[in-house]
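Shown next, in structure tokens, is the structure this report addresses.
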Amino acid sequence: MAASIRPSGVFDTQYTQDIALNRTRGEKRQMWLAFGLLLLVPLLTIEGPIGAWLNSIQIGALPTLWVGLISRIAIYAIAVQGLNMLMGYTGQISLGHAAFMGIGAYSAAVMARELGLPFWVAVPLAALFTGVIGLLFGIPSLRVKGFYLAMATLAAQFIIPWVLRYPLEPLTNGSRPLEVPAPLIEFSSYSDYSASVTNGTPSSYIFQRNPSFLSDVVRVTTVSSGAAPRVSVSTRSGQTLLTTPLTDGQDNVIGLQFIASGEDIYIITAEPAADTLYRLDVRVNQAVNFSQQNAMYYIIVPVSVLMFLVARNIIRSRVGRAFISIRDNDLAAELLGINVFSYKLQAFFLSSLYAGLAGALWAFDTGTLSIDKFTLTLSIEFLAMLVIGGAGFPLGAVMGVTFISLLSQYLIPALLPVLNSFLPALLPFINAVNLQAALSPTLFGLAIALFLIIEPRGLAYRWEILKIAWKIRPYAY
Amino acid sequence: MTALTNFYTGYKRELRWLLIVGGLVLALLLLQPLLVDKKVSRMMMTTVTGLLVGGVYALIALGIVIINKASGVFNFAHGLMMLFGAMLFYSFFSVAQVNPLAAGALVLATALMVLTMGGRDSLRNPRNLALAAVAVVVLTALLSVQISGFQLIRAVIGGLVGAVLIGLCVERFAIRPLIGQPLFASVLMTLAVSEIMLGLTQMTWGSVEIPLQIFAGLNSLGIPTPIRFEDVIDGNITIRTELVITFILALVAFGAFVAFFRYTSVGLAMRATAENQELARSVGLRVRFILAIAWGIAALLAMVGGVLQGGATSLSLNMPALALRAFPAVLLGGLESIGGALVGGLIIGLVQEWANFLFPGTQAGTELAPYVVLMLVLVVRPDGLFGEKRIERI
Amino acid sequence: MRKIALALALTLLLSITLLPARAQLPDFIQHTDCEVDLTGETITIYHFGDISGSFAFITQPLLAGLADAIAFYNANGGICGATIATDNRDTGGDPAQTQAHYDYYSTLDPKPDVMVLYASADAELLRTQVEEDQIPVIISAGSVEGLYGEDGRTPGWIYATNPLYGDQIGSFCDFVAADPMDMYADEPVIGYISWPGAFGQAAFTPETIAYCAEQGVTILETPEIFLPTDTDISGQVLNLTDAGANILYTNTLASGPFLVAKTVVDLGLEDDVRLAGVNWALDTSVGLLSRTSIGSDGLPAVNGIVGSLPFQWWSEVNQPGVQFITEQADANARELPTRNIAYILGFTLVDFYTELYIQTVNRVGSLDAVDGAAIKETMDNIDYSPLGMYNISFAGGELRAVTENRIAMMGFANADMSGLATSGDDALKIPRDDGTNIYVPVLVPLTDFAPAPDLRPGGE
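Protein chains in written order, with the numbering used here: chain R, 2 to 478; chain H, 30 to 423; chain F, 8 to 467.
Structure below.
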């Protein structure tokens with residue numbers, strides 16, 4: 002669309018230029034600038050160094066809320082980008098996208114908890130795993146399409162959370178929340194200690210932490226003849242920071258927050274049960290802890306941008322063109338020699354992979370998972386975001402997510418007092434207390450309906466038109 | 030991946046049979062140990078309750094089928110149409126004195142929607158206007174009258190008027206503007222409609238469940254609640270009377286609508302439109318008008334289903350989930366088949382109750398079993414039991 | 008008509024509790040003396056929870072209690088002169104909303120010193136986040152996971168003013184084992200029937216099952232689950248009774264216990280099964296819902312439900328705190344449904360806030376110096392009984408939930424309000440428009456306050 006309107010003097014002389022993502026240096030620069038600004042956001046809040054300084058000289062800082070908000074938008078944008086692949090390009094409706102996000106989140110958490118994988122391994126593995134599960138539910142697409150496929154994904158939306166909740170309860174904690182280990186990148190182990198002790202004698206290990214911005218991770222492993230010992234961490238002055246029971250044979254990670262709290266010498270003490278023979282291994286690793294402050298932002302936002310670029314790239318490739326041909330007319334695509342089933346499965350795989358990646362990032366970002374998050378409501382929300390943003394445009398996913406997030410974060414709280422001031426008086430059957438909860442589905446539904454009727458191609462399409470209008474200004478055509 | 034596809038296309042038939050036989054054997058093997066220590070009386074009770082619960086599912090499935098037949102839209106808003114209609118019914122039922130202004134506004138809005146159903150021309154017809162005016166006055170008077178014991182009738186009238194209004198509004202403002210757009214637009218639109226209606230319901234009635242006391246007087250009529258059979262084989266069988274009455278009323282409603290399709294001229298026109306819209310238009314049927322009527326009828330069905338379900342249990346925001354479980358019933362019966370809706374509904378009811386019975390403590394009946402059935406139908410027989418075989422395969 | 012009926016119920020209830028109204032902070036409320044004058048300042052109670060969803064029966068009275076208490080305390084000097092304000096947000100029971108609201112509150116400038124939450128699920132969701140942001144949270148009652156983490160031994164920043172749900176079922180098992188009123192079968196078997204999720208499943212843990220087994224009370228291995236929006240649970244109830252349950256324990260509130268009781272009556276199992284539940288099950292909301300289902304004795308289905316009552320109740324009229332709260336509810340013309348558990352908790356919460364802030368400000372010197380860590384320190388060491396209704400102490404920071412508990416039973420007032428009705432004939436009935444009657448629920452304590460057993464995982 003906008004591609005056909007270019008600044009004068011820019012011509013394609015080679016085919017590669019024609020399919021290039023960014024045609025001019027200006028476009029490239031704009032992109033890097035936007036990315037750079039995005040990365041600056043946490044630094045500009047009051048918790049960041051620049052923001053604190055700006056605030057001290059009375060200029061003011063960005064609201065801290067923005068960091069969390071942008072992180073969430075970035076995560077959802079990945080998920081919706083996946084949905085875009087399936088719905089926007091391949092034309093298959095999915096009502097179960099949230100469930101796939103749930104698979105990603107839970108598989109990442111389980112891999113980190115049960116297998117002890119670090120998060121940078123668990124996240125891509127979880128995404129791949131979700132992709133494979135997505136293939137499984139994509140198989141009905143071989144027999145049916147359109148509405149029937151929507152039904153298959155609806156079934157997935159109910160079956161997947163049920164499986165996570167009941168049969169997999171030992172792994173997922175079922176209805177209870179699942180704590181996700183902190184996202185860490187561990188470096189050298191700068192101290193090792195191991196001791197074999199008998200007859201219930203306590204043993205202590207003192208260590209001095211290196212003064213650095215890194216956190217320290219204390220990993221304690223025990224093997225004991227009876228009940229595993231309890232371990233406590235205390236400071237030099239004798240103040241006990243925490244006491245925790247251990248599980249034998251497991252890598253017990255303790256004391257992240259405490260160690261980061263600024264003291265320099267810590268004492269780790271194991272207190273065994275009476276007459277127990279045990280062996281204690283303590284390792285202290287230096288690590289970057291991404292759950293601290295806004296560090297996770299610097300994982301999520303670049304990954305989201307990367308996935309956006311990947312999606313944009315796929316679309317201009319052979320695979321992407323096959324997707325679009327299936328959407329536009331599957332029978333014609335088949336006649337042209339495109340293996341429709343195979344490409345449909347690929348679309349399912351990619352879309353679930355994106356959802357899984359979003360879920361895995363979500364898991365490590367929030368630190369606590371609950372199955373109630375990944376319900377049909379969220380799936381519908383994803384669909385709405387896509388339609389509002391513009392299905393079939395790479396930018397559509399980002400725009401839709403941003404629109405809906407801003408709607409619920411800013412518009413609803415702003416609208417509430419206004420509506421509260423006159424609506425209950427005007428329509429006496431409306432209860433002011435109920436208004437707050439009711440406003441979000443109402444506005445949400447209205448937004449979808451209005452976009453479907455007035456601008457079914459979404460915000461991204463509008464944006465393209467605006468861009469063209471800007472470029473050809475002052476002429477109308 | 031290509032090899033996989035080729036393998037599949039080569040051995041389609043064999044694979045399918047393998048799947049069916051394997052599935053049956055697996056199911057029997059899995060269920061056998063579960064059944065060993067169960068009481069026979071509980072099994073009988075589960076079966077009866079399942080069938081009774083299935084009555085409401087059949088009614089819901091019928092509403093979805095009607096919309097689909099007439100306009101090719103899959104109505105995900107059916108659950109909220111049920112709830113909204115039932116809530117309106119509840120309001121007219123429980124309030125001692127209806128505000129005549131509110132009643133008048135409701136009736137007037139409905140009359141306007143009905144008049145303009147096929148276009149704005151009928152507003153110029155003085156006969157139509159006069160009829161509408163009389164209807165508005167009579168209905169408003171009926172709704173605002175305050176006689177004790179009249180509440181139920183008032184609620185029925187209010188509910189019917191409200192349901193028609195909902196159905197026509199949804200058709201006019203949400204579905205009609207989408208003509209010519211792809212399938213997912215209409216799916217999304219019904220989802221959007223259900224979100225809006227959810228918001229309006231919460232705004233007006235809150236999110237708290239409301240008991241609907243339409244069966245409160247059963248005991249005084251001498252009808253036992255619940256119906257109990259002592260010592261059948263190895264235990265008691267208890268059937269909730271509300272469920273029995275709901276089931277009977279649901280079947281009556283079902284029968285009435287089927288008769289309407291078969292024997293009235295509007296019903297015939299609807300069937301013709303469903304067969305082929307172009308053809309129907311060419312023989313002079315007013316397709317717009319027919320579509321509006323279909324939505325009105327579906328909304329009525331939804332309201333009846335909502336009131337019956339609410340009376341048997343209570344009115345809660347759970348109703349949309351109930352309607353979602355009717356989708357497996359629709360697909361199982363076949364998308365275009367009215368008889369299929371009945372059979373499908375009863376089967377889903379049975380499956381739900383049996384799953385709850387066999388897998389205690391897992392919500393298997395409401396959260397899992399209907400959707401497993403849905404998945405099976407899609408893989409094994411996408412056209413359903415009685416559906417027309419016209420799915421395009423690729 | 009309905010309003011008149013409720014007003015009538017009210018006046019009847021009042022006839023036993025009416026006392027001369029007092030304008031000042033009553034003498035029995037003993038706050039620490041203010042060392043710093045906070046006149047002109049504002050202290051905000053930040054509260055967010057499910058105000059319109061399935062918790063509404065509880066949360067709306069909570070808001071009423073908060074509002075009445077704040078009005079009263081502000082009129083009587085506030086917190087050392089500081090005005091108390093509230094900032095409420097509704098989640099509608101949606102975890103995504105919880106997160107959004109938390110983000111809003113936690114990034115306010117200045118950050119809230121302390122927040123009030125309602126749902127266990129919210130507490131569990133936010134547990135690590137409030138710890139990171141150093142914002143202590145007060146919650147009415149909680150699950151082990153929310154308060155102590157997965158291992159049950161890591162106290163977080165969330166404090167509960169009622170005993171842990173797991174500990175509550177423990178004290179119930181103690182009661183069943185002792186069986187002072189001879190109401191239980193010789194071999195008591197508990198069937199656990201509850202909502203899914205953090206709150207509903209909080210009392211069903213390996214530790215509670217083991218503890219009750221030690222007391223000779225079996226808890227069936229397979230619990231039954233129903234949704235807050237479910238409407239027919241006869242299958243679930245029958246599954247439990249078929250498995251031998253003669254007590255049904257439910258960790259639900261408002262419509263939850265009502266639905267269990269109604270199903271038991273519908274199935275004609277009243278004589279075979281006793282009902283029990285968490286502290287929320289013994290509430291006006293449950294009693295009032297139950298008028299729609301009447302048992303064979305003519306009383307609402309929940310008649311006789313037994314559960315925890317870890318604070319004073321409206322009917323304990325000789326307690327000064329109860330008298331005071333009743334006066335306040337009268338003065339604000341609160342109707343019967345509002346006079347429930349949550350009104351008490353909302354009202355006492357404001358009193359607790361006052362004490363919490365006085366102590367903290369006294370220690371740190373000014374309101375500006377108060378932050379989350381300072382509040383937490385006060386909280387760890389506080390020993391205070393708001394309005395004398397229940398005692399709040401976290402054992403020097405070792406505990407995160409109050410442990411004092413007692414067992415009580417719900418009955419219904421008889422016609423002359425002198426005691427419990429024994430059947431429908433002598434019960435107080437207030438007719439309503441739709442032909443049904445309102446029965447007035449009354450709670451009767453069956454035991455004295457005693458520490459509940461500690462049933463966290465990992466204990467010895």
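Each residue gets a CB set at the ideal place from its N, CA and C atoms; glycine is no exception.
(Q) Between residue 231 of chain F and chain R, is the shortest Cβ-Cβ distance under 9 Å, so that the two count as touching? (A) The residue you call residue 231 of chain F lines up with position 224 of the third sequence. Taking Cβ atoms only, chain R never reaches closer than 9 Å to residue 231 of chain F, which makes this a no.
Q: Enumerate in chain order the residues of its own chain whose CB-to-CB distance from residue 68 of chain F is below 6 Å, with the five nearest sequence positions on each side excluded.
A: Reading the third sequence from its first residue, position 61 is the one you call residue 68 of chain F. Excluding residues within five positions, the ones whose Cβ falls inside 6 Å are 345, 347, 349 and 350.
Q) Just reading off the alpha helix (DSSP H) that residue 284 of chain F is part of, what are its end residues? A) Position 277 of the third sequence, counting from 1, holds the residue named residue 284 of chain F. Where residue 284 of chain F is concerned, there is no enclosing alpha helix (DSSP H), although the beta strand (DSSP E) it sits in stretches over 281-284.
Q | Contact set for residue 186 of chain H: own chain, Cβ-Cβ below 7 Å, skip 5 residues either direction | A | Within the second sequence, residue 186 of chain H is the residue found at index 157, counting from 1. For residue 186 of chain H, where only same-chain residues beyond five positions count, the Cβ hits under 7 Å are 168, 171 and 172.
Q.
Pairs of beta-carbons, one from the segment 148-168 of chain F and one from the segment 192-199 of chain F, closer than 8 Å: are there three or more?
A. no
Q: Pick helix, strand or coil for residue 54 of chain F, following the three-state DSSP scheme.
A: To locate residue 54 of chain F, count along the third sequence from 1; it is residue 47. Looking at residue 54 of chain F - three-state DSSP - the assignment turns out to be strand.
**Q.** Per-residue DSSP class, three states only, for residue 28 of chain H
**A.** Within the shown structure, residues of chain H are numbered from 30 to 423, placing residue 28 of chain H beyond reach of any answer.
Q) Any Cβ of chain H within less than 9 Å of the Cβ of residue 377 of chain R? A) Your numbering for residue 377 of chain R matches position 376 in the first sequence. It does: the Cβ of residue 377 of chain R has a partner Cβ on chain H nearer than 9 Å.
Q: Give the straight-line distance between the Cα atoms of residue 22 of chain R and residue 165 of chain F, rounded to the nearest whole angstrom.
A: For the purposes of this step, residue 22 of chain R is taken as residue 21 along the first sequence, with counting starting at 1. For the purposes of this step, residue 165 of chain F is taken as residue 158 along the third sequence, with counting starting at 1. So the alpha carbons of these two residues sit roughly 50 Å apart.
(Q) Runs of 4 residues minimum, wholly inside the segment 219-300 of chain R: which ones carry the alpha helix (DSSP H) assignment? (A) 257-260
(Q) I'd like to know whether the C-beta atoms of residue 191 of chain F and residue 281 of chain F end up nearer to each other than 9 Å. (A) Counted from its first residue, the third sequence places residue 191 of chain F at position 184. Counted from its first residue, the third sequence places residue 281 of chain F at position 274. Result yes, Cβ atoms of residue 191 of chain F and residue 281 of chain F sit closer than 9 Å.
Q: Could you tell me which chain F residues have their CB closer than 8 Å to the CB of residue 492 of chain R, listed as they occur along the chain?
A: Since the first residue shown for chain R is 2 and the last is 478, residue 492 of chain R is missing from the structure and cannot be characterised.
Q. When the Cβ atoms of the segment 451-463 of chain F are set against those of the segment 327-341 of chain F, are three or more pairs found closer than 8 Å?
A. no
Q) From the DSSP output, which residues share a beta bridge with residue 267 of chain H? A) Numbered from its first residue, the second sequence carries residue 267 of chain H at position 238. H:257.
**Q.** residue 219 of chain H: contacting residues in chain R (beta-carbon distance under 9 Å)
**A.** Mapped onto the second sequence, residue 219 of chain H falls at position 190. The contacting residues do not exist; residue 219 of chain H stays about 10 Å from chain R at best.
**Q.** Closer than 9 Å at the beta carbon, the chain R residues around residue 228 of chain H
**A.** The sequence position of residue 228 of chain H within the second sequence is 199, counting from 1. Neighbours of residue 228 of chain H on chain R, chain order: 438, 439, 440, 441, 442, 443, 444, 445, 446 and 447.
Q: Would you mind giving the Cβ-Cβ distance between residue 441 of chain R and residue 405 of chain R, rounded to the nearest angstrom? I have them listed as a contact below 8 Å.
A: By 1-based counting over the first sequence, the position of residue 441 of chain R is 440. By 1-based counting over the first sequence, the position of residue 405 of chain R is 404. Actually they do not touch by this definition, with Cβ atoms about 10 Å apart.
Q) Counting along the chain, where does the beta strand (DSSP E) carrying residue 96 of chain F start and finish? A) The sequence position of residue 96 of chain F within the third sequence is 89, counting from 1. Residues 90-97.
Q: Quick one: residues in its chain with C-beta nearer than 7 Å to the C-beta of residue 322 of chain F, no 5 flanking neighbours on either side, listed in chain order?
A: As a working note, residue 322 of chain F is residue 315 in the third sequence. Answer for residue 322 of chain F: 449 and 450, listed in chain order.
Q: Kindly indicate the opening and closing residues of the alpha helix (DSSP H) around residue 349 of chain R.
A: To locate residue 349 of chain R, count along the first sequence from 1; it is residue 348. Per DSSP, residue 349 of chain R belongs to the alpha helix (DSSP H) from 341-367.
Q.
Let me see if you follow: with CB-CB separation under 9 Å, is residue 310 of chain F close to chain H or not?
A. As a working mapping, residue 310 of chain F is identified with position 303 in the third sequence. Not an interface residue.
Q | Test: residue 160 of chain F CB closer than 9 Å to a CB of chain R | A | The residue given as residue 160 of chain F occupies position 153 in the third sequence. So yes, residue 160 of chain F belongs to the interface.
Q: Please decide whether residue 487 of chain H counts as near chain R, where near means a Cβ-Cβ distance under 9 Å.
A: Lying before the first or after the last residue shown, residue 487 of chain H is absent from chain H, which here runs from 30 to 423.
Q) With DSSP run on the structure shown, which of helix, strand or coil describes residue 202 of chain H? A) Start at 1 with the first residue of the second sequence, and residue 202 of chain H comes out as number 173. Note: residue 202 of chain H maps to helix in three-state DSSP.
Q: Flag this pair as touching only if the segment 308-326 of chain F and the segment 256-273 of chain F have three or more C-beta atom pairs under 8 Å; answer yes or no.
A: yes
Q: Ignore the nearest five residues each way along the sequence and tell me which others in residue 26 of chain F's own chain have a CB closer than 6 Å to its CB.
A: Translated into positions along the third sequence, residue 26 of chain F becomes position 19. No answer about residue 26 of chain F holds up, because its pLDDT of 37 lies below 50 and its placement is not dependable.
Q. Residue 457 of chain R touches chain H at which residues, Cβ-Cβ below 7 Å?
A. As a working mapping, residue 457 of chain R is identified with position 456 in the first sequence. Those are 210 and 214, listed as they occur along chain H.
(Q) Judging by CA-CA distance, which residue of R:230, R:38, R:428 and R:138 is the nearest neighbour of residue 303 of chain R? (A) By one-based count along the first sequence, residue 303 of chain R stands at place 302. Selected option, being the one with the closest Cα: R:38.
Q.
Classify residue 46 of chain H: buried if its beta carbon has 16 or more other beta carbons within 10 angstroms, exposed otherwise.
A. Position 17 of the second sequence, counting from 1, holds the residue named residue 46 of chain H. By the 10 Å Cβ count, residue 46 of chain H comes out exposed.
Q: Enumerate in chain order the residues of its own chain whose CB-to-CB distance from residue 342 of chain R is below 7 Å, with the five nearest sequence positions on each side excluded.
A: Sequence index remark: in the first sequence, residue 342 of chain R carries index 341 (1-based). 143, listed in sequence order.
Q. Does DSSP put residue 199 of chain F in a helix, a strand or coil?
A. The count along the third sequence starts at 1 and reaches residue 199 of chain F at position 192. Three-state DSSP puts residue 199 of chain F in a strand.
(Q) Less than 9 Å between CB atoms is the rule here; does residue 269 of chain H satisfy it with respect to chain F? (A) As a first step, residue 269 of chain H must be located in the second sequence, where it is residue number 240. Answer yes: the Cβ-Cβ gap between residue 269 of chain H and chain F drops below 9 Å somewhere.
Q: Quick one: residues in its chain with C-beta nearer than 8 Å to the C-beta of residue 167 of chain R, no 5 flanking neighbours on either side, listed in chain order?
A: Taking the first residue of the first sequence as position 1, residue 167 of chain R is located at position 166. Answer for residue 167 of chain R: 175, listed in chain order.
Q. Are residue 242 of chain H and residue 415 of chain H close, meaning C-beta to C-beta below 9 Å?
A. As a position in the second sequence, residue 242 of chain H is number 213, starting the count at 1. As a position in the second sequence, residue 415 of chain H is number 386, starting the count at 1. Going by C-beta atoms, residue 242 of chain H is not nearer than 9 Å to residue 415 of chain H.
Q: Report the rounded CA-to-CA distance for residue 317 of chain R versus residue 20 of chain R, giving the unit in angstroms.
A: Locating residue 317 of chain R in the first sequence gives position 316, where the first residue counts as 1. Locating residue 20 of chain R in the first sequence gives position 19, where the first residue counts as 1. When rounded, the distance between both Cα atoms is 7 Å.
Q) For the segment 311-339 of chain H, which residues have a CB atom closer than 9 Å to at least one CB atom of chain F, in sequence order? A) 338 and 339
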